Amino acid sequence: AEETEAAEGGVLVMATNAEFPPYEYYEGGEVVGIDADIARAIAEDMGMELKIEDMAFDSIIAAVQSGKADFGAAGMTVTEDRLASVDFSDTYAEAKQVIIVKEGSEVKSADDLAGKTVGVQLGTTGDILADEIEDGTVERYNKGAEAVMALVQDKIDAVIIDNEPAKVFVAENEGLVTIDDAYEKEEYAIALDKGNTELLEKINASIKNLKDSGKLQEIIDSYISA
Ligand code: GLN
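To convert a position in the sequence shown, counted from 1, into my numbering, add 4.
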């Protein structure tokens, strides 16, 4: 894979979908969050300026492959499928998919989703899990918040989404509850164009620094209260 022009110009371009609090979201017109802070630390280590490109989640891998972005940082779970298209850095966070339902819902477990209409964000691991539901109907949205809004409005029965954004969305909307023990653990990493080992090594070195110095935990703690 060739080096991107952006990288040569001293600007490091991060692709993300800034609809995923607390990992990336807008605050006062600026993209903030755990991934944004990690990426800023990486850029700083490399002596480069970070530029964040906000796009649909399911466009991030293509942006990385085409060189439009140097890397993708978007609470992105490492999966076998994605490893066929991109390389991943060392992992920096654990997560899992959870089910959000309305209080009093008859859905108490993943099995109870059989025959239900489930909302997800397009192209996410939640989308893949929803696809496997027996006799289920999947409604795909561009933003997790839109799926949650559809649930609030009784247009769908449940939402499958990552645990941390789920916490934020449940806190913002009354009458929602989360089923936390439905699915397996996942791990987040930064996606890079296949074969871009130079940047991969730099990113992994920065991630190691962040972990060893305690800075990573500091960043996480500044966005997630225990
Ligand atoms: N972790 C999920 C995935 O990788 C969702 C990420 C996101 O919506 N930003 O598919």
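Beta carbons are placed, not taken as given, at the ideal position from N, Cα and C, and that holds for glycine.
Since we're looking at a predicted model, the values are computed, not measured.
Let me confirm a value: residue i is counted as buried when at least 16 other C-beta atoms fall within 10 Å, else exposed. Which label applies?
{"i": "Thr259", "result": "Missing from the structure shown is residue 259; the chain here goes from 5 to 230 and no further."}
{"i": "Tyr27", "result": "buried"}
{"i": "Ala11", "result": "Low local confidence applies: a pLDDT of 47 at Ala11 is under 50, so the model's placement there is unreliable, with the coordinate-based value given in what follows. Buried: at least 16 other Cβ atoms inside 10 Å."}
{"i": "Lys189", "result": "exposed"}
{"i": "Ala45", "result": "buried"}
{"i": "Met18", "result": "buried"}
{"i": "Gly76", "result": "buried"}
{"i": "Asp161", "result": "buried"}
{"i": "Leu204", "result": "buried"}
{"i": "Glu9", "result": "Legend: pLDDT at Glu9 = 48, less than 50; position of this residue unreliable, value from coordinates given subsequently. When all chains shown are included, Glu9 counts as exposed."}
{"i": "Leu87", "result": "exposed"}
{"i": "Thr141", "result": "exposed"}
{"i": "Thr118", "result": "Checking the sequence shown, residue 118 turns out to be Ala, not Thr. Flag for Ala118 reads exposed."}
{"i": "Asp135", "result": "exposed"}
Examine the ligand GLN and report whether any of its heavy atoms sits within less than 8 Å of the Cβ of residue i.
{"i": "Ala149", "result": "no"}
{"i": "Pro169", "result": "yes"}
{"i": "Asp166", "result": "yes"}
{"i": "Tyr192", "result": "yes"}
{"i": "Gly127", "result": "yes"}
{"i": "Phe75", "result": "no"}
{"i": "Tyr96", "result": "no"}
{"i": "Tyr187", "result": "no"}
{"i": "Phe92", "result": "no"}
{"i": "Ala19", "result": "no"}
{"i": "Phe24", "result": "yes"}
{"i": "Glu81", "result": "Correcting the residue identity first, residue 81 is Thr in this sequence and not Glu. Yes - the ligand GLN has a heavy atom lying nearer than 8 Å to the Cβ of Thr81."}
{"i": "Ala78", "result": "yes"}
List the endpoints of the continuous beta strand (DSSP E) containing residue i.
{"i": "Leu117", "result": "Premise fails: Leu117 is in no beta strand (DSSP E) and is neither H nor E."}
{"i": "Asp91", "result": "Val90 to Phe92"}
Once DSSP output is grouped into helix, strand and coil, what is the label at residue i?
{"i": "Glu9", "result": "With a pLDDT of 48 at Glu9, under the threshold of 50, the modelled position of that residue is not reliable, and the figure given next carries that caveat. In the structure shown, Glu9 sits in a helix (DSSP, three-state: H, G or I)."}
{"i": "Met18", "result": "strand"}
{"i": "Gly127", "result": "coil"}
{"i": "Lys100", "result": "strand"}
{"i": "Gly148", "result": "helix"}
{"i": "Asp39", "result": "helix"}
{"i": "Val68", "result": "helix"}
{"i": "Tyr30", "result": "strand"}
{"i": "Asp58", "result": "strand"}
{"i": "Asp216", "result": "helix"}
{"i": "Glu205", "result": "helix"}
{"i": "Glu136", "result": "coil"}
{"i": "Glu53", "result": "strand"}
Between residue i and chain C, is any beta-carbon pair separated by less than 9 Å?
{"i": "Gly33", "result": "Absence of chain C from the displayed structure is noted, only one protein chain being present."}
Could you tell me whether any non-hydrogen atom of the ligand NAP is closer than 8 Å to the CB of residue i?
{"i": "Thr201", "result": "Absence of the ligand NAP from the depicted structure is noted, with the ligand GLN being the only ligands included."}
Assuming residue i is part of the alpha helix (DSSP H), what are its boundary residues?
{"i": "Asp85", "result": "Glu84 to Leu87"}
Practice task
Can you check the segment 154-202 for any alpha helix (DSSP H) of at least 4 residues that lies completely inside it and give the ranges in chain order?
Solution key: Fully enclosed alpha helix (DSSP H) runs of 4 or longer: 167-176.
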